[in-house]
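Let me begin by presenting the structure, written as structure tokens, before commenting on it.
Numbering (the working numbering), first residue to last: 6 to 127.
The following block contains the structure:
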């Protein structure tokens with residue numbers, strides 16, 4: 006017959022095991038999908054600094070609110086591209102993303118300067 010001390014040890018061990026097991030489970034990623042639509046512009050970093058230099062990519066872009074390293078899916082009509090957030094901006098009303106020239110060209114001509122009707126999903 007278990008004594009009170011043995012029962013406490015057994016329950017304490019079970020509780021510790023349960024806490025250890027649940028502490029190892031990672032929280033699920035947010036399933037929220039963000040959509041925005043507006044204008045896109047392009048910029049040239051040109052060896053300058055970016056807001057998040059640890060996010061190294063040739064596919065970088067600037068977004069005001071997306072976390073660094075977030076992959077953005079961009080669409081304009083039947084054209085699309087992706088980019089990785091490594092900078093903050095654009096800070097001009099109505100613009101939702103600043104792209105590098107090669108990404109901008111995938112959505113429209115550079116001569117346009119600013120593309121309207123761009124949808125961003127992340």
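C-beta: ideal position from N, C-alpha, C; glycine also.
Between residue 71 and the rest of its own chain, which residues show a CB-CB distance below 7 Å, the 5 nearest in sequence each way excluded? Excluding sequence neighbours, residue 71 sits near 77, 90 and 127.
Alpha carbon to alpha carbon, how far is residue 114 from residue 5? Give it in angstroms, no decimals. Since the first residue of the chain shown is 6 and the last is 127, residue 5 is not available in this structure.
Residue nearest to residue 65 in terms of C-alpha spacing, selected from 118, 112, 107 and 97: Ranking the options by Cα distance to residue 65, first place goes to 107.
Under three-state DSSP, which class holds residue 71? Looking at residue 71 - three-state DSSP - the assignment turns out to be coil, as it is neither helix nor strand.
What does the alpha-carbon distance come out to for the pair residue 39 and residue 94? Note on geometry: alpha-carbon atoms of residue 39 and residue 94 lie some 17 Å from one another.
Pick from 69, 86 and 97: whose alpha carbon is nearest that of residue 123? The alpha carbon of residue 123 has as its nearest neighbour, out of 69, 86 and 97, the alpha carbon of 86.
Residues bridged to residue 40 [DSSP beta-bridge criterion]: Under DSSP, residue 40 takes part in a beta bridge, and its partners are 126.
For a test of the three-state rule: what should DSSP assign to residue 108, helix, strand or coil? Assigned with DSSP and collapsed to three states, residue 108 falls in helix.
Straight-line CA distance for residue 116 to residue 96? Cα to Cα, residue 116 sits roughly 21 Å from residue 96.
How big is the Cα-Cα spacing for residue 45 and residue 119? Approximately 6 Å between the Cα atoms of the pair.
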